[in-house]
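Engineer: Numbering (my numbering), first residue to last: 1 to 341. Glycine residues also receive a C-beta, built at the ideal position from the N, C-alpha and C atoms. I have a structure here, written as structure tokens, and I will follow up with some questions on it.
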Amino acid sequence: MRNHEVTTVQKLLRVDGSLKEPGWSRQLLQMYHRADIKAPKFRIKEWDYYLVVGKDFALAFTISDDGYVGLQSVSLLTFGETPWEHTETVLQPFPMGKLHLPETSAEGVTAYRDKRLNMEFRAEAGRRRIVCLFKNFLDGKTFSCDLTLAQPPMDTMVIATPWKENPKAFYYNQKINCMPASGEAHFDGKTYTLNPATDFGTLDWGRGVWTYDNTWYWGSGNGVVDGKPFGFNIGYGFGDTSAASENMLFYDGVGHKLDDVTFHIPKHSYMEPWKISSSDGRFEMDFFPVLDRAAKIDVKLITTDQHQVFGKMRGTAVLDDGTALHIDDLLCFCEKVHNKY
């Protein structure tokens with residue numbers, strides 16, 4: 001059944017390590033336990049990724065344990081007259097569970113510490129806190145921040161996706177949009193201040209076992225539309241999505257499920273305007289790129305080619321009841337990522 005909704009609290013995996021019930025849900029109903037996985041430790045991937053977007057800047061934070069490599073990174077992006085970004089990544093060999101990432105997004109502490117980077121994500125009732133101190137982030141200068149994301153009761157997008165070619169491979173993922181953001185970040189003598197009335201954070205929380213070679217498309221954004229928080233999560237290409245897509249609108253705390261979307265990416269340049277279309281006609285957008293955060297790594301077994309493109313979205317999003325929301329210059333991102341690892 002397409003877009004099958006999971007509504008029962010249950011274990012995520014069967015005894016043999018396969019997904020019990022592929023599909024989507026509004027909350028983290030299926031319980032993930034690392035010990036239930038029937039795959040080698042070096043194939044297990046666990047990550048927490050936060051993106052926080054202000055008026056003309058964005059901050060991104062990743063703590064990940066991807067089995068034979070950990071990728072701990074911080075990004076600072078600015079979208080003024082001359083768009084600019086810098087991403088600094090600490091590679092950690094063979095973490096394989098040593099970070100002890102929480103088995104739920106709802107509580108606990110995700111942290112990474114070494115002589116250069118001290119970063120912590122703390123989940124508490126009704127809010128999340130991001131604290132980071134990154135020495136020699138760029139040109140010997142330190143990046144620091146202390147941010148708070150409020151999390152009122154609201155729908156989220158959760159997806160449990162298998163792979164046809166490997167029954168023990170799975171992708172369990174939660175996207176939490178529309179979290180009002182406050183706090184400050186500091187770098188190079190500048191202060192970046194967040195306003196919870198207009199600025200929002202998104203959490204991409206994921207656990208799973210992937211196949212080796214994958215390409216995915218993902219887009220996300222938050223803002224205020226007609227006085228209420230609005231957000232979207234769109235994506236495809238990752239695993240067997242025959243049970244459900246991960247496409248959803250969020251409006252005033254309520255999730256509105258979409259069918260399939262397609263990114264029409266210009267052949268010659270990621271920086272030319274894109275079109276985003278949907279099979280149900282409920283997400284029809286023009287996307288105007290401002291900055292391509294491109295990254296490419298090729299070191300033997302590990303290959304990644306990423307284009308996370310930030311820009312402005314303009315078009316129409318239709319809620320479940322047929323209400324059409326007009327989206328005008330919403331700062332967001334759309335990406336295409338190819339990974340082998």
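Tell me where the beta strand (DSSP E) around residue 268 begins and ends.
Structural biologist: Within the sequence shown, the letter at position 268 stands for residue 268. Counting along the chain, residue 268 falls outside any beta strand (DSSP E), and DSSP gives it neither H nor E.
Engineer: Can you grab the Cα-Cα spacing for the pair residue 155 / residue 223, in whole Å?
Structural biologist: Counting from 1 along the sequence shown, the entry for residue 155 is found at position 155. Counting from 1 along the sequence shown, the entry for residue 223 is found at position 223. About 16 Å.
Engineer: Going by alpha carbons, who is nearest to residue 304 out of 341, 246 and 334?
Structural biologist: Taking the sequence shown and counting its residues from 1, the one referred to as residue 304 is at position 304. Nearest of 341, 246 and 334 to residue 304, Cα basis: 341.
Engineer: Under 6 Å Cβ to Cβ from residue 138, same chain only, skipping five residues before and after it: list those, please.
Structural biologist: Position 138 of the sequence shown, counted from the start, is the residue given in the question as residue 138. Cβ within range, chain order: 86.
Engineer: If you pair each beta-carbon of the region 268-283 with each one of the region 48-61, do three or more pairs fall below 8 Å?
Structural biologist: The region 268-283 is not in contact with the region 48-61.
Engineer: Going by DSSP in three states, residue 321 sits in which element: helix, strand or coil?
Structural biologist: Position 321 of the sequence shown, counted from the first residue, corresponds to residue 321. DSSP places residue 321 in coil when its eight states are reduced to three.
Engineer: Could you tell me if residue 10 is buried or exposed, where buried requires 16 or more neighbouring beta carbons within 10 angstroms of its beta carbon?
Structural biologist: To locate residue 10, count along the sequence shown from 1; it is residue 10. By the 10 Å Cβ count, residue 10 comes out exposed.
Engineer: According to DSSP, residue 389 sits in a beta bridge with which residue or residues?
Structural biologist: In this structure the chain extends from 1 to 341, so residue 389 is not present and cannot be described.
Engineer: Starting from residue 135 and walking both ways along the beta strand (DSSP E), at which residues does that stretch end?
Structural biologist: In the sequence shown, the residue the question calls residue 135 occupies position 135. That run of the beta strand (DSSP E) goes 127-138.
Engineer: Quick check on residue 81: buried or exposed, where buried means 16 or more other Cβ atoms within 10 Å of its Cβ?
Structural biologist: Counting from one through the sequence shown, the residue named residue 81 turns up at place 81. Residue 81 is exposed by the Cβ-count criterion.
Engineer: If you compare alpha carbons, which of 317, 335 and 133 is closest to residue 116?
Structural biologist: Mapped onto the sequence shown, residue 116 falls at position 116. Selected option, being the one with the closest Cα: 133.
Engineer: Going by beta-carbon coordinates alone, are residue 311 and residue 290 separated by less than 8 Å?
Structural biologist: The sequence position of residue 311 within the sequence shown is 311, counting from 1. The sequence position of residue 290 within the sequence shown is 290, counting from 1. It is a contact, given that the beta carbons lie within the stated cut-off.
Engineer: Reducing DSSP to helix, strand and coil, say where residue 38 ends up.
Structural biologist: Taking the sequence shown and counting its residues from 1, the one referred to as residue 38 is at position 38. Reduced to three states, the DSSP call for residue 38 is coil.
Engineer: So is residue 330 buried or exposed if we call it buried at 16+ other beta carbons inside 10 Å?
Structural biologist: Sequence index remark: in the sequence shown, residue 330 carries index 330 (1-based). Counting Cβ neighbours within 10 Å, residue 330 comes out buried, since at least 16 surround it.
Engineer: Would residue 91 be called buried (16 or more neighbouring beta carbons within 10 Å of its own) or exposed?
Structural biologist: Position 91 of the sequence shown, counted from the start, is the residue given in the question as residue 91. Residue 91 is exposed by the Cβ-count criterion.
Engineer: Looking at the unbroken beta strand (DSSP E) that takes in residue 162, where does it start and where does it end?
Structural biologist: As a working note, residue 162 is residue 162 in the sequence shown. Here the beta strand (DSSP E) through residue 162 covers 157-163.
Engineer: Exposed or buried, what is residue 172 when buried is set at 16 or more other beta-carbons lying within 10 Å of its beta-carbon?
Structural biologist: Along the sequence shown, read from residue 1 onward, the residue named residue 172 stands at position 172. It counts as buried.
Engineer: So for residue 327, helix, strand or coil by DSSP?
Structural biologist: As a first step, residue 327 is located in the sequence shown; it is residue number 327 there, counting from the start. If DSSP states are grouped into helix, strand and coil, residue 327 belongs with the strands.
Engineer: Do you know how far the Cα of residue 4 is from the Cα of residue 309?
Structural biologist: For the purposes of this step, residue 309 is identified with residue 309 of the sequence shown, where counting begins at 1. For the purposes of this step, residue 4 is identified with residue 4 of the sequence shown, where counting begins at 1. Between residue 309 and residue 4, the C-alpha separation is close to 30 Å.
Engineer: Start and end of the beta strand (DSSP E) containing residue 208?
Structural biologist: Here residue 208 refers to the residue found at position 208 when the sequence shown is read from its first residue. Where residue 208 is concerned, the enclosing beta strand (DSSP E) stretches over 200-209.
Engineer: To the nearest whole angstrom, what separates the beta carbons of residue 261 and residue 242, a pair I think is in contact under 8 Å?
Structural biologist: Taking the first residue of the sequence shown as 1, we reach residue 261 at position 261. Taking the first residue of the sequence shown as 1, we reach residue 242 at position 242. About 16 Å separates the two Cβ atoms, so there is no contact after all.
Engineer: Spatial neighbours of residue 337 within its chain, please: C-beta separation below 6 Å, excluding the five flanking residues on both sides.
Structural biologist: Counted from its first residue, the sequence shown places residue 337 at position 337. Counting only Cβ-Cβ distances below 6 Å, and skipping sequence neighbours, we find 216 and 306.
Engineer: When DSSP builds the beta bridges, which residues end up paired with residue 169?
Structural biologist: Reading the sequence shown from its first residue, position 169 is the one you call residue 169. DSSP output for residue 169 lists no bridge partner at all.
Engineer: Taking its Cβ as the centre, do 16 or more other Cβ atoms sit within 10 Å of residue 169, making it buried, or is it exposed?
Structural biologist: Position 169 of the sequence shown, counted from the first residue, corresponds to residue 169. Label assigned to residue 169: buried.
Engineer: Where do the ends of the beta strand (DSSP E) carrying residue 256 lie?
Structural biologist: For the purposes of this step, residue 256 is taken as residue 256 along the sequence shown, with counting starting at 1. Residue 256 -> beta strand (DSSP E) spans 254-257.
Engineer: With 16 as the cutoff for other CB atoms within 10 Å, does residue 1 come out buried or exposed?
Structural biologist: By 1-based counting over the sequence shown, the position of residue 1 is 1. Low confidence applies to residue 1: its pLDDT is 44, below 50, so where it sits in the model is not reliable enough to give any reading.
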